[in-house]
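Protein chains in written order, with this note's numbering: chain A, 41 to 875; chain B, 10 to 121.
Using N, Cα and C, we set each Cβ at its ideal position, and we do this for glycine too.
Nothing here was measured: the structure is a model prediction, and the numbers come from that model.
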Amino acid sequence: MGSLFRSEPMCLAQLFLQAGTAYECLSALGERGLVQFRDLNQNVSSFQRKFVGEVKRCEELERILVYLAQEITKADIPLSEGEVSPLAPPLKQVLEMQEQLQKLEVELREVTKNKEKLRKNLLELIEYTHMLRVTRTFVKRNMEFEPTYEEFPSLENECLLDYSYMQRLGAKLGFVSGLIQQGKVEAFERMLWRVCKGYTIVTYAELDESLEDPETGEIIKWYVFLISFWGEQIGQKVKKICDCYHCHVYPYPSTAEERKEIQEGLSTRIQDLYTVLHRTEDYLRQVLCKAAESVSSRAVQVRKMKAIYHTLNMCSFDVTNKCLIAEVWCPEADLHELRRALEEGSRESGAAMPSFLNTISTKETPPTLIRTNRFTEGFQSIVDAYGVGSYREVNPALFTIITFPFLFAVMFGDFGHGFVMFLFALLLVLKEDHPRLTQSQEILRMFFNGRYILLLMGLFSVYTGLIYNDCFSKSVNLFGSGWNVSAMYSAGPASEERSGLALWNASTVRHSRVLQLDPSVPGVFRGPYPFGIDPIWNLATNRLTFLNSFKMKMSVILGITHMTFGVILGIFNHMHFRKKFNIYLVSIPELLFMLCIFGYLIFMIIYKWLAYSAATSREAPSILIDFINMFLFPANEASGLYPGQAYVQRVLLAITVLSVPILFLGKPLFLLWLHHGRGCFGVSRSGYTLVRRDSEEEVSLLGNQDIEEGSNQEARCREVTCEEFNFGEILMTQAIHSIEYCLGCVSNTASYLRLWALSLAHAQLSDVLWAMVMRVGLRVDTTLGVLLLFLVIAVFTVLTVFILLVMEGLSAFLHAIRLHCLLLSSKFSDDNGAM
Amino acid sequence: MRMLSDPCATGTCTAAPASLTCIPLGIPASAMTAHSFALPVIVFTTFWGLIGIAGPWFVPKGPNRGVIITMLVATAVCCYLFWLIAILAQLNPLFGPQLKNETIWYVRFLWE
């Protein structure tokens with residue numbers, strides 16, 4: 041069997057690395073991905089480990105690289121992702137790289153800061169220009185009113201007339217001008233009026249262009265205002281209010297010449313600034329472009345370096361402090377590779393003494409390694425999502441490759457939909473190496489990762505669709521239906537009652553809306569349709585009656601087969617871990633329990649299919665009632681399915697009832713007998729085993745799982761001399777397992793009925809979609825019908841894809857996973873493993 | 010379907026037109042023959058038996074041999090079981106399909 045059947049045998053190895061060569065050796069090991077390191081310094085906090093300084097350095101480099109990457113993406117320069125991931129840099133290069141990166145960062149920060157300053161400056165100048173331009177129009181207006189200085193008194197209150205008039209004539213006219221944000225204009229004006237009591241005139245106009253606010257960077261509307269006031273104190277109040285409202289105030293030129301001068305000066309300065317800014321931006325871009333080439337590969341290198349240092353932190357120094365010792369788990373098949381990698385690393389760093397390894401034997405449970413290729417990876421990840429298998433346990437993923445798509449297909453069973461799904465998956469598989477697919481985001485990534493699963497699901501759905509005879513809810517008649525309508529017609533003109541059979545003639549058919557074919561009439565039923573469900577059922581009104589019966593029985597048969605298979609896989613586990621007694625005391629009673637009840641149910645189903653036909657249909661007993669009566673022992677023993685049924689059922693029931701206590705008590709009693717009668721095995725106990733046993737006990741008690749795993753019991757047996765044989769605990773765990781198994785048998789069998797339920801739902805949805813959408817388009821006869829059909833097909837396709845394929849597909853996928861979890865949880869595996 | 014029922018409404022249903030050899034959909038006139046049970050069983054048992062039992066011998070040696078053999082056997086078992094259930098369920102039907110009278114005319118006209 042391939043390595044997918046069980047996880048690989050692993051061994052514990054000690055690596056002795058020379059201090060100088062440790063880095064290179066680990067780099068070589070890391071590239072190959074062979075081993076899993078064990079942390080030997082668990083009780084040391086991460087700040088006290090040996091290589092903390094190096095790790096900090098790596099993190100600093102990472103920070104710089106992240107900053108660089110951010111700046112690069114902000115400037116819209118594409119980051120080049122290299123094809124080959126580079127090796128970790130040798131120690132000599134690290135310092136150089138660090139200097140380079142730090143210099144780059146400093147430069148970048150400086151240039152960016154300068155650029156910001158320049159931009160701010162530029163904005164101010166632009167605002168000033170605008171302000172000057174707009175206030176010119178104010179002043180132009182005001183110029184007309186200039187002679188009416190004396191009109192101002194009319195604005196005043198009468199009582200204050202004398203006093204303030206004198207004062208005003210002596211005061212100077214001052215101007216404050218600037219820009220203010222649009223939202224604050226009203227409040228600003230009101231505040232000015234309240235504070236200055238009309239000693240100011242505010243003129244403002246909206247600026248046509250929106251400028252950028254230098255603080256927040258948003259583009260907003262500005263208003264240019266001009267405040268004319270008299271007096272120093274007013275002037276100060278006005279200035280304070282301007283500050284308060286965050287106005288940008290600019291000096292107002294008093295004469296027209298001054299204004300012109302300032303404007304010219306401003307325009308030259310703005311030109312200069314533009315040039316400088318352009319140059320700066322170009323330079324920045326250049327720097328970023330150059331950095332972009334190597335940023336991603338540098339990032340990978342730094343990450344690898346950090347990983348190496350983390351791993352080095354897990355090693356311990358030996359007594360002489362010259363050599364690092366690392367303990368690794370390595371698959372036995374790869375020991376040779378490991379040695380070669382160590383040699384290569386030592387060679388590269390030019391060490392005098394090569395590093396070597398040494399395997400040590402241990403009682404600990406190694407981690408579970410299962411090698412997958414890209415095809416099996418998807419299925420393995422589905423199984424692992426439930427729980428990682430224990431070391432050297434049978435791996436259910438091997439069988440899940442087929443059973444999962446098959447159970448999905450039973451629930452999805454439609455030829456057309458399955459074919460579309462198959463085509464989609466084929467597209468994903470063939471375009472595997474397309475870069476856009478490998479880097480896509482969440483949802484498409486999930487579909488991409490499961491492309492092989494989708495492929496198989498589509499294939500099996502095609503097959504089950506053919507058997508269900510369902511293609512976009514229509515049936516295909518390939519071999520000719522087994523039901524013959526003509527035979528229902530009687531030969532003579534009047535309807536006859538020939539030996540109790542009602543036959544038809546033309547008038548009966550015309551007058552009755554529905555008529556049922558009777559298989560007991562000779563010639564009506566001509567034999568079963570050779571492949572799948574007969575197409576005539578698609579045209580029948582009592583289609584669901586037949587299909588429900590068929591699908592329910594099918595679900596039960598498939599379910600019981602699946603569960604029995606699970607128990608048989610458990611037998612493989614017991615044989616591997618050399619626990620023969622488990623087979624006799626646990627697996628056989630389990631099998632007997634399941635088969636005597638549910639196997640018998642299958643037998644009844646098949647017997648009824650074979651033995652009863654239309655002629656005897658009136659006496660055909662209901663299987664469900666019979667099955668229930670098996671347990672109830674009703675007073676009147678009605679004639680059963682076959683002669684001698686009562687006797688057979690009693691025997692089966694007896695076997696079942698007997699197997700339950702064996703399941704409960706067999707294993708604990710046997711182990712007790714071993715403990716007392718056989719004595720211990722005299723195997724020395726090592727420190728590892730003690731630690732392991734405690735944790736395993738906890739895990740097996742916490743998780744409500746099967747204890748058909750090896751090491752627990754084995755450890756217990758070996759602990760016999762030194763440790764108390766905890767009979768109560770074994771009994772309890774076995775009792776829990778047995779109850780879970782027995783009750784699980786019944787409930788899981790019923791749970792498999794979801795195969796029927798979902799396939800019914802799918803068929804009905806499909807039917808409704810056809811009847812409501814497609815038929816509407818196909819019924820219209822006129823030329824308008826062609827256009828309508830076009831539209832209808834579009835709607836039909838969209839709805840098919842989204843509702844039937846995506847929604848139903850996901851639903852069936854979920855339920856198929858649920859069924860597999862049922863299998864895994866209670867039948868055979870003990871998921872204690874670590875990856 | 011409505012169009013097809015019109016000639017039948019005149020009451021000449023019993024005269025199955027002999028000119029129906031040009032039946033659309035290409036269903037042969039041998040649709041009249043009965044379906045045997047033994048033949049499909051033999052055919053499909055051989056087919057899936059070949060895949061499930063003989064197939065594993067032809068899988069080339071390589072790292073994936075075990076996986077491919079398991080896949081073949083599992084596929085054969087699952088698919089054969091599924092087909093077997095389908096045909097056994099229809100072997101001795103206890104009741105027949107209930108058809109609308111239009112469907113009866115159509116089926117009679119087209120399939121027989």
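- For Gln133(A), the secondary structure class from DSSP, reduced to helix, strand or coil, is helix.
- Annotated as distal: Lys648(A) and Trp796(A), with beta-carbon spacing of 8 Å or more.
- Nearest CB-CB separation between Pro102(B) and chain A: below the 8 Å threshold.
- In the three-state DSSP reduction, Met634(A) falls in the helix class (H, G or I).
- Straight-line spacing of the CA atoms in Ile507(A) and Met594(A) works out to 12 Å.
- Contacts between Lys593(A) and chain B, judged by CB atoms closer than 9 Å, involve Ile94, Ala98 in chain order.
- The beta carbon of Phe853(A) sits no closer than 8 Å to any beta carbon of chain B.
- In this structure, the CA atom of Pro436(A) is about 12 Å from the CA atom of Leu862(A).
- Close to chain B, meaning a Cβ-Cβ distance shorter than 8 Å, is no residue of the region 64 to 93 of chain A at all.
- By the Cβ-count criterion, Gln326(A) is exposed, with fewer than 16 other Cβ atoms from all chains shown falling within 10 Å of its own Cβ.
- Glu472(A): not part of any beta strand (DSSP E); DSSP gives it neither H nor E.
- Residues of the same chain with a CB within less than 6 Å of the CB of Arg343(A), apart from the 5 flanking positions on each side, do not exist.
- Apart from sequence neighbours up to five positions away, the residues of its chain that approach Leu466(A) with a beta-carbon distance below 7 Å are Leu495, ordered along the chain.
- Listed along the chain, the chain B residues whose CB falls inside 9 Å of the CB of Leu44(A) are Asn73, Gly75, Val76, Thr79.
- Within the region 354 to 379 of chain A, no residue places its CB atom closer than 8 Å to a CB of chain B.
- Distance from the CA of Gln556(A) to the CA of Ser778(A), rounded to the nearest whole angstrom, comes to 49 Å.
- Runs of the alpha helix (DSSP H) lying entirely within the region 292 to 377 of chain A, each at least 4 residues long, are 296 to 354 in chain order.
- In this structure, the straight-line span from the alpha carbon of Gly64(B) to that of Asn81(A) is close to 53 Å.
- Scanning its chain for C-beta atoms nearer than 6 Å, with the 5 sequence neighbours on each side dropped, one finds around Met50(A) the residues Trp369, Pro371, Pro406, in chain order.
- Uninterrupted beta strand (DSSP E) stretches at least 3 residues long and entirely within the region 226 to 281 of chain A occur at 240 to 246, 262 to 270, given in chain order.
- One finds nothing in chain B with a Cβ atom closer than 8 Å to the Cβ of Asn669(A); even the nearest lies about 20 Å away.
- Note on the region 46 to 79 of chain B: whole alpha helix (DSSP H) runs with a minimum of 4 residues are 47 to 58, in chain order.
- Residue range 583 to 616 is occupied by the alpha helix (DSSP H) that includes Lys591(A).
- Burial check for Trp544(A): the Cβ neighbour count within 10 Å reaches 16 or more, so the residue is buried.
- Between Ser851(A) and Leu800(A) a beta carbon distance of about 13 Å is seen, past the 8 Å cut, so the two are scored as non-contacting.
- Taking a contact as a CB-CB distance under 8 Å, the pair Ile281(A) and Val235(A) counts as one, their CB atoms being some 6 Å apart.
- A residue is called buried when at least 16 other Cβ atoms come within 10 angstroms of its Cβ; Val549(A) meets this threshold and is buried.
- Taking the C-beta atoms as reference points, Phe56(B) is found no nearer than 8 Å to Leu100(B).
- Around Asn489(A), the same chain offers Gly418 as residues with beta carbons nearer than 7 Å, after the five sequence neighbours per side are excluded.
- Distance from the CA atom of Leu44(A) to the CA atom of Met80(B), rounded to whole angstroms, is 12 Å.
- Here the alpha carbon of Ile96(B) sits roughly 11 Å from the alpha carbon of Pro102(B).
- Rounded to whole angstroms, the separation of the alpha carbons of Phe671(A) and Met644(A) is 15 Å.
- Residues of the region 49 to 63 of chain B with a C-beta atom less than 7 Å from some C-beta of chain A are Pro49, listed in chain order.
- Just measuring C-alpha positions, the residue of Gly520(A), His602(A), Ser526(A) sitting nearest Gly567(A) is Gly520(A).
- Considering only beta carbons, the part of the region 575 to 602 of chain A lying closer than 8 Å to chain B consists of Ile576, Trp577, Leu579, Ala580, Thr581, Asn582, Arg583, Thr585, Phe586, Ser589, Phe590, Lys593, Met594, Ile597, Leu598, Thr601, in chain order.
- Residue environment analysis places Asn588(A) among the exposed positions, since fewer than 16 neighbouring C-beta atoms fall within 10 angstroms of its C-beta.
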